[in-house]
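Counting in the numbering used here, the sequence shown runs from 107 upward without gaps. Backbone N, C-alpha and C define an ideal beta-carbon position, used for all residues, glycine too. These numbers were taken from a predicted model, which means no experiment stands behind them. Report on one structure; see the data block that follows.
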Amino acid sequence: MARGSDGKVVRPFAFFRAGAQQDSRANRPILVFEDVYKYFRKDQPTLRGVNLVIERGEFCFVTGPSGAGKSTLLQLVYRKHTVDAGRIRFAGRDVARLKSSSIPFLRRNLGIVFQDFKVVKHWTVYENVAVALEILDMPPRLVRARVAEALERVGLAGRGGDRTEGLSGGEQQRVAVARAIVTEPALILADEPTGNLDPHLAI
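What follows is the structure, given as structure tokens:
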């Protein structure tokens with residue numbers, strides 16, 4: 107169950123899946139929600155009793171109306187918020203029990219595409235994507251290669267030197283996607299990642 111900003115119950119979100127690919131790593135889910143509750147108002151759960159298992163290599167689409175709790179669901183995974191009841195396990199670890207000092211390490215294994223992009227507009231496209239690798243102390247040569255590959259995958263090959271502030275909303279969104287995938291994370295969390303893209307680019 108979810109509630110809108112006016113406190114009224116809204117139609118809950120739904121999960122749609124695409125088949126998981128074969129993975130040679132340990133045969134365990136990458137993400138598990140176990141009876142998760144989240145409250146922002148007393149006695150009015152934003153998320154109520156959410157149970158979800160996502161296997162490695164699986165795509166899961168979350169759909170629902172505004173206010174259904176879709177963004178909150180993702181924010182609990184990367185610890186912007188914590189659960190009020192239940193448990194979330196990422197790669198076998200209880201996310202809520204991680205110490206504050208461990209949260210950056212959690213996020214390094216996640217690729218996050220924010221709804222509002224969160225690109226640095228006075229940086230170049232290259233700088234916005236490369237920063238995700240530079241904080242990992244990756245060698246510059248490898249950074250350049252990985253950034254070029256990520257930009258090509260999102261249709262921005264050759265645009266690394268462009269200032270992000272001069273890009274369209276759809277192009278900024280693609281920069282955000284490139285930044286999320288460049289580290290080859292264990293899990294990608296995308297909050298409306300195709301909202302500003304043309305249909306052929308969204309595919």
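Element boundaries [alpha helix (DSSP H), containing Asn234]
Position 128 of the sequence shown, counted from the first residue, corresponds to residue 234. Where Asn234 is concerned, the enclosing alpha helix (DSSP H) stretches over Val231 to Glu240.
So, helix, strand or coil for Ser130, using DSSP?
Looking up residue 130 in the sequence shown gives position 24. Note that Ser130 has pLDDT 47, beneath the 50 cutoff, so the model's placement of it is unreliable and no number is given.
DSSP has Ala191 in a bridge; who is on the other side?
For the purposes of this step, residue 191 is identified with residue 85 of the sequence shown, where counting begins at 1. Paired residue(s): Tyr143.
Should Gly266 be labelled buried (16 or more other beta-carbon atoms within 10 Å of its own) or exposed?
As a first step, residue 266 must be located in the sequence shown, where it is residue number 160. Gly266 comes out buried.
Assigned secondary structure, Gly217 (DSSP; H/G/I helix, E/B strand, else coil):
Here residue 217 refers to the residue found at position 111 of the sequence shown. Reduced to three states, the DSSP call for Gly217 is strand.
Using a Cβ-Cβ cutoff of less than 7 Å, which residues in the same chain neighbour Gly198 once the five nearest sequence positions on both sides are dropped?
Here residue 198 corresponds to residue number 92 of the sequence shown, with the count starting at 1. Closer than 7 Å at the Cβ level, and outside the excluded window around Gly198, lie Arg134.
Work out the CA separation of Ile194 and Ser177 for me, nearest whole Å.
Counting from one through the sequence shown, the residue named residue 177 turns up at place 71. Counting from one through the sequence shown, the residue named residue 194 turns up at place 88. Rounded to whole angstroms, Ser177 to Ile194 spans 15 Å at the Cα level.
Extent of the continuous beta strand (DSSP E) run through Gly155:
Start at 1 with the first residue of the sequence shown, and residue 155 comes out as number 49. Run containing Gly155: Gln150 to Ile160, per the beta strand (DSSP E) assignment.
Sorted by chain position, which residues of the same chain lie with C-beta nearer than 7 Å to Phe146's C-beta, five sequence neighbours on each side aside?
Here residue 146 is taken as the residue at index 40 of the sequence shown, counted from 1. These residues qualify, in order along the chain: Thr152.
For Thr178, which three-state DSSP category applies?
Here the question's residue 178 lines up with position 72 in the sequence shown. Three-state result, Thr178: helix.
If you count every other CB in all the chains shown that lies within 10 Å of the CB of Phe167, and 16 or more means buried, which is it?
As a first step, residue 167 is located in the sequence shown; it is residue number 61 there, counting from the start. Exposed: under 16 other Cβ atoms inside 10 Å.
Helix, strand or coil for Thr169, going by three-state DSSP, please let me know.
Within the sequence shown, residue 169 is the residue found at index 63, counting from 1. Residue state, collapsed to three classes: strand.
Would a C-beta distance cut-off of 8 Å place Leu182 and Lys144 closer than the cut-off?
Here residue 182 refers to the residue found at position 76 when the sequence shown is read from its first residue. Here residue 144 refers to the residue found at position 38 when the sequence shown is read from its first residue. Taking 8 Å as the Cβ cut-off, Leu182 and Lys144 qualify as a contacting pair.
Which one of Gly173, Gly276, Glu233 and Pro210 has the shortest CA to CA distance from Gln150?
Here the question's residue 150 lines up with position 44 in the sequence shown. If we check each option's Cα against that of Gln150, Gly173 comes out closest.
Please report how far the alpha carbon of Ser130 lies from the alpha carbon of Val283, in whole angstroms.
Taking the sequence shown and counting its residues from 1, one reaches residue 130 at position 24. Taking the sequence shown and counting its residues from 1, one reaches residue 283 at position 177. With a pLDDT of 47 at Ser130, under the threshold of 50, the modelled position of this residue cannot be trusted; read the value that follows with caution. One C-alpha to the other measures close to 26 Å.
By how many angstroms is the C-alpha of Ile160 removed from the C-alpha of Ile136?
Position 30 of the sequence shown, counting from 1, holds the residue named residue 136. Position 54 of the sequence shown, counting from 1, holds the residue named residue 160. Ile136 and Ile160: Cα-Cα distance of roughly 6 Å.
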